[in-house]
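Student: Following this message is one structure expressed as structure tokens.
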Amino acid sequence: MINLLMPVPSLLTLMEQLAIRLSPQAGKSLVISRKRARGTWFRCASFRFSAGVSLLIWLCGCATPQTQALLTSHSAQLLPQVELGEIPFYPQEIHQCGPASLAMALNAGGAKVTPQDLTPQLYLPGRDGSLQVEMLAATRRNGLLAYELAPQLDDLLVEVAAGSPVVVLQNLALSWYPLWHYAVVVGYDLKRGEIILRSGLEQRQVLPLTTFEHTWERAGYWAMLALPPGQVPRTATEAGYVAAAVALEKFIPSEKAEAAYAAALERWPRNLTARIGTGNAAYAQGNVLRAEKSYQQATLDHPDSPIAFNNLAQTLADQQRYPEALAAANRAVSLGGTEQAAAQDTLEQIKIKSTGIWKETE
Amino acid sequence: MNSRFMRMTSRLLIVSVLSLGLPFQYAQAGMVSTDKVATSAQSQSERERIRTFLDREDVRKELQAQGIDTDAAKARVSALTDEEVQKVAGKLDKMPAGGDIIGILFTIFIVLLVTDILGFTKVFSFTRTAK
Chain A
7 MINLLMPVPS LLTLMEQLAI RLSPQAGKSL VISRKRARGT WFRCASFRFS
57 AGVSLLIWLC GCATPQTQAL LTSHSAQLLP QVELGEIPFY PQEIHQCGPA
107 SLAMALNAGG AKVTPQDLTP QLYLPGRDGS LQVEMLAATR RNGLLAYELA
157 PQLDDLLVEV AAGSPVVVLQ NLALSWYPLW HYAVVVGYDL KRGEIILRSG
207 LEQRQVLPLT TFEHTWERAG YWAMLALPPG QVPRTATEAG YVAAAVALEK
257 FIPSEKAEAA YAAALERWPR NLTARIGTGN AAYAQGNVLR AEKSYQQATL
307 DHPDSPIAFN NLAQTLADQQ RYPEALAAAN RAVSLGGTEQ AAAQDTLEQI
357 KIKSTGIWKE TE
Chain B
4 MNSRFMRMTS RLLIVSVLSL GLPFQYAQAG MVSTDKVATS AQSQSERERI
54 RTFLDREDVR KELQAQGIDT DAAKARVSAL TDEEVQKVAG KLDKMPAGGD
104 IIGILFTIFI VLLVTDILGF TKVFSFTRTA K
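Protein chains in written order, with the working numbering: chain A, 7 to 368; chain B, 4 to 134.
Right, dumping it as structure tokens:
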């Protein structure tokens, strides 16, 4: 403990300089208050520190359960040491750790954007920062899949080992005095118990895993990935990934949307949303046959899905296979559900087309 | 008379609100879009849809209150999913917003310095954590 306290006087000067650089006003008041307080402050320093330290230990809570669990037993797929050295670095400008961190992750995922491009999509002037939900939204706006990880250190490191930089939110200060900060995890070393980040102005910040866990825990263990469509996070859950793909769909061309859904089907072949998603994406590209194949499979896997039958009916009608189309449309209507009105509409349209009434009305 | 007028107006509003909030993704008639598959699985009721729409309006206003201009706020809200909108609606000023270190008070500075050295926090780049 004594060793730790030794550099305090020199650190005070350093702190002043730093404070003045960061915020001139706060810095000045800091100098004044230090001059006033100098005498008593140093006399009681050692007492104050020991009292303060024990108070702080009590206030902070010292447990880092995830790090302890990780260092004793971790996933077999977790390599002992990883560093993604090629991930680009953007030093953050003032208040811009969100855009800077996200730009690093987006670049790694193949989107050519700078922090300056992201600022208007992310930064909130009134809050001097960026919100988590907008980090996800801005990822989608730039054509990448945004995936929020489970609050597990193990999962975070598995994704890094799989080659993906992970954007994390940290509360660098204390729960009752938060200092929110985004950084990018690019590596770790289990033997040394360290994690490697691109953070603020530091291209390679090495932190003990325990310190990282403290800062990460205070931010609700929040972490996200930005992946090119077609790539599924190694730790993804079925529902989480498919929801992320649906949210991305409107921001990307339909070929890419098809790739994102097809990737889901590779891992979860029976997922209805992803199956219909591939069909809709193929249909949007004008490929009726490929769309039909997807919907056919969807009706086999999920014979109770009105949407699968409705969309199948439409593709069959497009091919003028009216008897089959009518059967599918009737089935869609009879199954009911939230989209029954749409199914009814499809059925009417097919009836009109198949009986040739449309020719007379022309 | 009055209540009938009100009822008509509210019906009209509901329809227009729904058509605004849930644009059709496919121009082709007859196709049900992929997001509907997900929402129908959750059997989202009309009431919830309207609530989501109103929440979206709230978030847009909150974004504008935080210094975003109208058009940008619209674009930013439309990029959020329904779940994300629900998460932040009404508490945008209290949600964590990652920024950086600025204007830390003197006392808190000392506190954070010590917690930094102890490895509970990581505010300052010049501290070396004791292991």
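For every residue, glycine included, the Cβ atom is placed at its ideal position computed from N, Cα and C.
Where does the unbroken alpha helix (DSSP H) through A:M369 begin, and where does it stop?
Tutor: Shown here, chain A extends from 7 to 368; a query on residue 369 of chain A therefore has no answer.
Student: Between A:A391 and A:A152, how many whole angstroms is the CB-CB distance? I'm expecting something under 8 Å.
Tutor: No answer is possible for residue 391 of chain A: the residues shown for chain A start at 7 and end at 368.
Student: I need the boundaries of the alpha helix (DSSP H) containing A:R146, first residue and last residue.
Tutor: It spans Q138 to R147 - the alpha helix (DSSP H) in which A:R146 sits, taken as one unbroken run.
Student: List, in order along the chain, the chain B residues whose C-beta lies closer than 8 Å to that of A:S136?
Tutor: What A:S136 touches in chain B: A100, G101 and G102.
Student: Checking contacts by CB at 9 Å: is A:V388 closer than that to chain B?
Tutor: Outside the shown range of chain A, which is 7 to 368, sits residue 388 of chain A, and nothing can be said about it.
Student: Quick one: Cα of A:G91 to Cα of A:I202, how far?
Tutor: Roughly 10 Å separates the two Cα atoms.
Student: Quick one, which of A:N336, A:T145 and A:M230 has its alpha-carbon nearest A:S170's?
Tutor: Selected option, being the one with the closest Cα: A:M230.
Student: When DSSP builds the beta bridges, which residues end up paired with A:R281?
Tutor: The partner list for A:R281 (beta bridge, DSSP) is empty, contrary to what the question assumes.
Student: Less than 9 Å between the beta carbons of A:S181 and A:R224, yes or no?
Tutor: Yes; because the gap between Cβ atoms is below 9 Å, this pair is in contact.
Student: Between A:T125, A:P94, A:I93 and A:Q326, which lies nearest to A:I100 when the distance is taken from Cα to Cα?
Tutor: Ranking A:T125, A:P94, A:I93 and A:Q326 by Cα distance to A:I100 puts A:T125 first.
Student: Does the Cβ-Cβ distance between A:N277 and A:A268 come in under 9 Å?
Tutor: Against a cut-off of 9 Å, the Cβ pair of A:A268 and A:N277 comes out as no contact.
Student: Hey, quick one: how far does the alpha helix (DSSP H) through A:W222 stretch, first residue to last?
Tutor: Counting along the chain, the alpha helix (DSSP H) containing A:W222 begins and ends at L215 to E223.
Student: Between B:F8 and chain A, is any beta-carbon pair separated by less than 9 Å?
Tutor: Cβ-Cβ to chain A under 9 Å: no for B:F8.
Student: Return the Cβ separation of A:A347 and A:N316 in integer angstroms, given the expectation that the two are a contact with Cβ distance under 8 Å.
Tutor: That belief does not hold up - the Cβ atoms of A:A347 and A:N316 are roughly 11 Å apart, past 8 Å.
Student: Drop a sphere of 10 angstroms on the beta-carbon of A:K118, count the other beta-carbons inside from all chains shown, and report buried for 16 or more, exposed for fewer.
Tutor: The residue is exposed, with fewer than 16 neighbouring Cβ atoms inside 10 Å.
Student: Which one of A:A232, A:A189 and A:T78 has the shortest CA to CA distance from A:F218?
Tutor: That would be A:A189, whose Cα lies nearest to the Cα of A:F218.
Student: Only counting the same chain, and skipping five residues up and downstream in sequence, which positions put a Cβ closer than 6 Å to that of A:A331?
Tutor: Correct list, in chain order: A319, L322, A323 and I356.
Student: Quick check: the segment 89-99 of chain B against the segment 117-131 of chain B, are there 3 or more CB pairs under 8 Å?
Tutor: Verdict: no, contact absent.
Student: Is A:F95 close to chain B, meaning its C-beta is less than 9 Å from at least one C-beta of that chain?
Tutor: No - not a single Cβ of chain B is within 9 Å of the one on A:F95.
Student: Let me confirm a value: B:M9 is counted as buried when at least 16 other C-beta atoms fall within 10 Å, else exposed. Which label applies?
Tutor: Burial call: exposed.
Student: Is there at least one Cβ from chain B nearer than 9 Å to A:S311's Cβ?
Tutor: Judged by the 9 Å Cβ criterion, A:S311 is in contact with chain B.
Student: Taking the alpha-carbon positions, what's the B:F56 to A:G193 distance?
Tutor: Roughly 41 Å separates the two Cα atoms.
Student: Under 9 Å between the Cβ atoms of A:V173 and A:A111?
Tutor: Result yes, Cβ atoms of A:V173 and A:A111 sit closer than 9 Å.
Student: Could you give the first and the last residue of the continuous beta strand (DSSP E) run that contains A:N316?
Tutor: From DSSP, A:N316 is part of no beta strand (DSSP E) but of the alpha helix (DSSP H) over P312 to D324.
Student: What is the C-beta distance between A:L84 and A:V164, in whole angstroms, given that I count them as a contact (C-beta under 8 Å)?
Tutor: Right, the Cβ-Cβ distance comes to about 6 Å (below 8 Å), so this counts as a contact.
Student: Between B:V62 and B:V88, is the Cβ-Cβ spacing less than 9 Å?
Tutor: Against a cut-off of 9 Å, the Cβ pair of B:V88 and B:V62 comes out as a contact.
Student: Kindly list, in the order they appear in chain A, the residues whose Cβ is closer than 7 Å to that of B:M11.
Tutor: The premise fails here: B:M11 is roughly 21 Å from chain A at the closest Cβ pair, so nothing lies under 7 Å.
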